[in-house]
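Okay, structure first, notes after.
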Amino acid sequence: ESAQDAVIARLAPICVAQFNADAQSVVRLQELKAISSSRNRTAYVTDEGWATMPGETAPDRQVAAACASQLNLIGE
């Protein structure tokens, strides 16, 4: 389990970087912060594609959850 946690901790910043590369990141951050449920924030990050790692074809839900948590802290 700790190995999985370490992988998530290493990949979540890549997700955040992919979010930051989004031309609409300011608007997307407002949309993300307007979502009250952590499950729905995770789904939003997944749907936007930020949790899909380079070279992968599908997003990782646990990475998306960690990424959403990190993004939600921006500006606080």
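For the sequence shown, counting from 1, position 13 maps to 71 in the numbering used here; every step adds exactly one. Think of the CB as a built atom: it goes at the ideal place given N, C-alpha and C, for glycine as much as any other residue.
Do you know whose CA, among the options, lies nearest residue i's CA?
{"i": "A122", "options": "S60, P71, R86 and V84", "result": "P71"}
{"i": "D105", "options": "A92, S94, R119 and E114", "result": "R119"}
Between which two residues does the alpha helix (DSSP H) holding residue i run?
{"i": "A31", "result": "Residue coverage of the chain in this structure runs from 59 to 134, which leaves residue 31 outside it and unanswerable."}
{"i": "Q82", "result": "Q82 -> no alpha helix (DSSP H), and no H or E assigned at all."}
{"i": "A116", "result": "Here A116 belongs to no alpha helix (DSSP H), and DSSP marks it neither H nor E."}
Indicate the three-state DSSP secondary structure (helix, strand or coil) for residue i in the structure shown.
{"i": "L90", "result": "helix"}
{"i": "I66", "result": "helix"}
{"i": "I72", "result": "helix"}
{"i": "S127", "result": "helix"}
{"i": "S95", "result": "coil"}
- Task: Give a yes or no on contact between the stretch 112-126 and the stretch 82-89, applying the rule of three or more CB pairs nearer than 8 Å.
- Result: no
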